[in-house]
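Asks: Here you go, one structure.
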Amino acid sequence: MSTIDLRLQAVLDGERDAGDLPADLRETYVRLMAAAELLEAAPRLSVAARVMAEVRQLPAPAPLQNLGPMRRAVRWLSRPRAVTLRLRPVWTLALAAGLAAILLLPLQPPTSKPTPGASEGVANFVGHFPGARSVEVVGSFNNWTPGVLPLNDKHHDGVWHGTAVLPAGQHEYMFVVDGERWVADPLAGRYVDDGFGAGQQNSLLIVRPSTAEP
Amino acid sequence: MRLRLAVMLVLAAAPGLLAAQSGPSRLQGRVAPAALPTIDSIIAVAVAESLPTEPLVQKALEGSAKKIPPDRLVSGVLHGLAQLREAHALISQAVPGQPVPEGHVVSVAAALARGLPPPIVQRLVAMAPAEPPGPVLHAAADLVAHHFDPDSAAGLLIDAHTKGLRGVRLLDVATAADHELQRRGGRTHAEVLAHVRDMLPNVPGPKATVARP
Amino acid sequence: MNEDADVVARVLAGDGEAFGILIRRYEPGLLRFATRMLGNPDAAADAVAESLVRAYRHLAQCRDPSRLRSWLYRITGNRCRSHLARRHTNDIPLSEAPAPALAEESDTWEKLERSEQVALVERALATLPAEKREAFVLKHVEGMSYEEMAAITGARIPTLKMRVHRAREALLAALEEVVDEHN
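Protein chains in written order, with this note's numbering: chain D, 1 to 214; chain Z, 1 to 213; chain P, 1 to 183.
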């Protein structure tokens with residue numbers, strides 16, 4: 001594949017005037033612009049009726065107090081409970097105690113409150129996946145190991161949730177739906193490209209230490 | 001082809017490192033055999049350059065869990081190495097003559113990955129070289145993600161630091177700006193930043209992010 | 001100036017039908033973008049419909065309604081990527097790439113009918129990896145600034161510039177190939 005002259009790239013980026021180009025570069029310029037123009041034809045399709053029909057069946061997308069299926073989840077977010085797991089990066093455990101008991105430390109009764117240490121905090125995970133058979137969280141806090149932090153759909157309404165005590169700091173993670181579909185957490189608010197070239201983004205979680213000043 | 005060339009360039013920069021590795025790799029059994037030797041040698045390069053290796057190990061584990069093909073997996077880990085190098089260089093420039101803590105490198109690489117412009121990262125690292133830069137960099141990246149001007153965002157965070165806010169409290173500055181933006185339609189981003197600046201240091205704390213026993 | 005924010009406010013205030021205004025405003029561009037990304041109008045229609053429903057459901061979380069367009073493209077772009085990931089490849093399979101309509105008497109680029117030209121360019125575009133395809137389409141088909149592309153893709157501007165540069169080169173090469181094939 002031949003490279004394109006930087007002067008032409010600058011013109012195509014809108015940084016220089018096309019009139020400055022020598023004739024041979026202008027020919028390439030015209031060809032690329034013609035290709036782009038041909039691609040501008042929009043498909044003669046409309047999804048408006050279909051989308052509106054579906055939207056009319058949904059609750060109004062009002063701010064948090066009226067979020068429909070997410071309502072309970074959001075309220076749940078503000079009231080951490082149901083400690084599922086305590087997770088630490090495998091590498092710290094490996095230093096301390098070998099690789100064995102990494103993942104299920106300690107499994108507490110579902111109603112007990114999380115008790116994070118001074119350099120830990122509680123993370124709540126919520127996702128809306130109607131029809132999913134399983135949803136789990138996989139991330140840097142569990143060495144990207146599937147099968148460690150499953151979420152529950154307690155009310156069978158497609159809202160999956162779980163809680164974990166995590167080391168304070170930054171963690172990247174994704175939801176894995178039905179064991180195969182990797183999905184960014186739509187409520188994460190922070191995202192970072194995963195660097196594998198397909199444009200997929202990891203969700204970013206910042207856990208505050210439980211001793212942090214309010 | 002280009003990837004193979006990039007790997008060769010990395011390895012050429014650190015001859016003999018592959019042989020220097022000892023003991024079973026943490027990645028063995030998790031990472032495809034086709035990618036493992038190359039990734040091990042990239043990690044060895046990071047060791048030789050005094051860069052943190054944990055982000056690279058995590059990247060390899062992540063890619064394997066996601067079933068990324070070996071060539072793209074190696075490319076992702078190489079990309080991670082490039083980010084760590086860039087972060088190290090940037091900190092060295094921001095705070096010349098000082099040792100560069102690994103934690104700082106990890107935080108700066110994460111900020112660059114989130115798209116924070118390098119000059120802003122440099123300015124914030126230089127603001128308090130002895131403090132872990134993670135929270136302030138995330139706060140800045142949050143503001144930039146919400147389309148605040150990067151320079152003005154950094155200015156606000158530096159003001160917040162001057163007025164005594166430290167660590168994760170700096171994240172609350174970004175949250176306050178975001179809330180102001182949503183609550184008061186019609187105000188420009190600059191007006192919102194000015195309003196938050198007037199609130200300093202009394203920005204609201206987190207409500208639901210921390211459970212207290 | 002800020003009409004999107006006004007419409008979003010109406011929807012959030014309970015006027016669900018106002019969402020139709022936003023659909024009409026952005027549907028053509030989103031469908032074009034998704035079609036170019038997926039190489040298949042039906043898959044694109046699904047992706048756009050799902051994205052719009054998702055946007056409606058999460059409208060309260062649109063942090064900056066004045067930049068609704070970027071937010072909608074971002075959701076649609078993610079949906080297209082998921083679709084491509086499910087196919088376990090970033091490339092559009094040749095079976096799904098539009099085949100050029102062969103016109104027996106056409107032997108040069110200039111003589112091809114417009115629809116045939118479109119098909120050839122689509123075919124060339126389909127050979128690009130998804131990332132480059134997206135960069136080229138957002139820049140040159142949707143006519144976006146690098147700033148807006150950064151908001152949509154989450155990538156940094158220098159990265160996007162590099163992707164667009166490489167995409168132009170790859171597209172030129174692919175165009176030569178498909179035109180040669182055609183001839």
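Beta carbons are placed, not taken as given, at the ideal position from N, Cα and C, and that holds for glycine.
What residues from chain P crowd round Z/Gly115, counting only those whose CB sits closer than 8 Å?
Replies: Within chain P, the residues near Z/Gly115 are Ala150, Gly154, Ala155 and Arg156.
Asks: Would you mind working out which of Z/Ala194, Z/Ala128 and Z/Thr175 sits nearest Z/Thr162, comparing C-alpha positions?
Replies: Of the candidates Z/Ala194, Z/Ala128 and Z/Thr175, the one whose C-alpha sits nearest the C-alpha of Z/Thr162 is Z/Ala128.
Asks: List, in order along the chain, the chain Z residues whose C-beta lies closer than 8 Å to that of P/Asp64?
Replies: What P/Asp64 touches in chain Z: His146, His147 and Leu181.
Asks: Does the stretch 8-16 of chain P come close enough to the stretch 40-49 of chain P to have 3 or more Cβ pairs within less than 8 Å?
Replies: No, because fewer than three Cβ pairs between the stretch 8-16 of chain P and the stretch 40-49 of chain P fall closer than 8 Å, the two stretches do not touch.
Asks: Nearest-angstrom Cα distance between D/Thr92 and D/Gly189?
Replies: Summary for D/Thr92: the model assigns pLDDT 37, below 50, so the residue's position carries little reliability; its value from the coordinates is reported in the next sentence. Spanning the two alpha carbons is a distance of roughly 28 Å.
Asks: Can you tell me whether DSSP reads Z/Ile158 as helix, strand or coil?
Replies: Note: Z/Ile158 maps to helix in three-state DSSP.
Asks: Quick check on DSSP: helix, strand or coil for D/Asp157?
Replies: Coil.
Asks: Taking beta-carbon pairs under 7 Å, can you tell me which members of the stretch 43-70 of chain P lie near chain Z?
Replies: Under the 7 Å Cβ criterion, the stretch 43-70 of chain P contributes Arg63, Asp64 and Arg67.
Asks: Determine, using beta carbons only, whether P/Ala55 and P/Leu31 come nearer to each other than 8 Å.
Replies: Cβ distance not < 8 Å, so P/Ala55 and P/Leu31 don't count as in contact.
Asks: One question on the structure: do P/Arg163 and P/Ala135 come within less than 8 Å of each other, judged by their Cβ atoms?
Replies: In contact: P/Arg163 and P/Ala135 (Cβ atoms closer than 8 Å).
Asks: What does Z/Glu131 touch in chain D if you count any residue whose Cβ is under 8 Å from its own?
Replies: None at all; the shortest Cβ gap to chain D is about 14 Å.
Asks: Distance cutoff 8 Å, beta carbons only. Does Z/Ala32 sit that close to anything in chain D?
Replies: Z/Ala32 does not count as touching chain D.
Asks: Cβ of P/Leu171 less than 8 Å from any chain D Cβ?
Replies: Chain D contact via Cβ: present.
Asks: Say whether the stretch 171-183 of chain D touches the stretch 133-148 of chain D, bearing in mind that this needs 3 or more beta-carbon pairs closer than 8 Å, one atom from each stretch.
Replies: Output reads yes: the stretch 133-148 of chain D touches the stretch 171-183 of chain D.
Asks: Note down, in chain order, every chain Z residue with its Cβ under 7 Å from the Cβ of D/Ser140.
Replies: Within 7 Å Cβ-Cβ: Gln58.
Asks: Tell me which residues of the stretch 178-210 of chain D have at least one Cβ-Cβ distance to chain P shorter than 7 Å, keeping chain order.
Replies: Going along the stretch 178-210 of chain D in chain order, one finds Pro186, Tyr191, Asp193, Gly197, Ala198, Gly199, Gln200 and Gln201 with a Cβ nearer than 7 Å to chain P.
Asks: Output the distance between the C-alpha atoms of Z/Arg169 and Z/Pro70, rounded to the nearest integer angstrom.
Replies: In a straight line, the C-alpha of Z/Arg169 is about 41 Å away from that of Z/Pro70.
Asks: Using beta-carbon positions only, say whether Z/Val105 and Z/Leu56 come within less than 8 Å of one another.
Replies: The answer is no: Cβ separation not under 8 Å.
Asks: If the cut-off is 8 Å on Cβ atoms, which residues from the stretch 55-82 of chain Z count as contacting chain B, listed in chain order?
Replies: In summary, chain B is missing from the structure at hand, where the protein chains are D, Z and P.
Asks: Rounded to the nearest angstrom, what separates P/Ala34 and D/Thr28 at their Cα positions?
Replies: When rounded, the distance between both Cα atoms is 27 Å.
Asks: Can you grab the Cα-Cα spacing for the pair P/Ser70 / P/Gln61, in whole Å?
Replies: If you take the alpha carbons of P/Ser70 and P/Gln61, they lie about 14 Å apart.
Asks: For Z/Arg85, which residues in the same chain have their Cβ closer than 8 Å to its Cβ, ignoring the five residues on either side in sequence?
Replies: Here the set comprises Glu49 and Leu51.
Asks: With 16 as the cutoff for other CB atoms within 10 Å, does D/Met70 come out buried or exposed?
Replies: Interpretation of D/Met70 is limited by its pLDDT of 35, a score under 50 that renders its predicted location unreliable; no figure is taken from the coordinates.
Asks: For Z/Ala94, which residues in the same chain have their Cβ closer than 7 Å to its Cβ, ignoring the five residues on either side in sequence?
Replies: For Z/Ala94, where only same-chain residues beyond five positions count, the Cβ hits under 7 Å are Gln122, Val125 and Ala126.
Asks: Using a Cβ distance threshold of 8 Å, determine whether the stretch 138-151 of chain Z contacts the stretch 172-192 of chain Z, with at least three qualifying pairs required.
Replies: As far as the Cβ criterion goes, the stretch 138-151 of chain Z touches the stretch 172-192 of chain Z, which means the pair count is three or higher.
Asks: Terminal residues of the continuous alpha helix (DSSP H) containing P/Ser82?
Replies: Leu68 to Arg86 is the span of the alpha helix (DSSP H), which, as asked, contains P/Ser82.
Asks: Would Z/Asp178 count as contacting chain P if we go by Cβ distances under 8 Å?
Replies: Yes, contact with chain P.
Asks: Does P/Ala85 have its Cβ less than 8 Å from a Cβ in chain D?
Replies: Closer than 8 Å: yes.
Asks: With DSSP as the reference, identify every bridge partner of D/Val135, one or two as the case may be.
Replies: Paired residue(s): D/Val177.
Asks: Taking Cβ-Cβ distances below 9 Å as the criterion, which residues of the stretch 125-140 of chain D are in contact with chain P?
Replies: The stretch 125-140 of chain D vs chain P, Cβ under 9 Å: His128.
Asks: Tell me which residues share the same chain as P/Thr76 and place their Cβ nearer than 7 Å to its Cβ, disregarding the 5 neighbours each side in the sequence.
Replies: Closer than 7 Å at the Cβ level, and outside the excluded window around P/Thr76, lie Leu30, Phe33, Ala34, Ala47, Val48 and Ser51.
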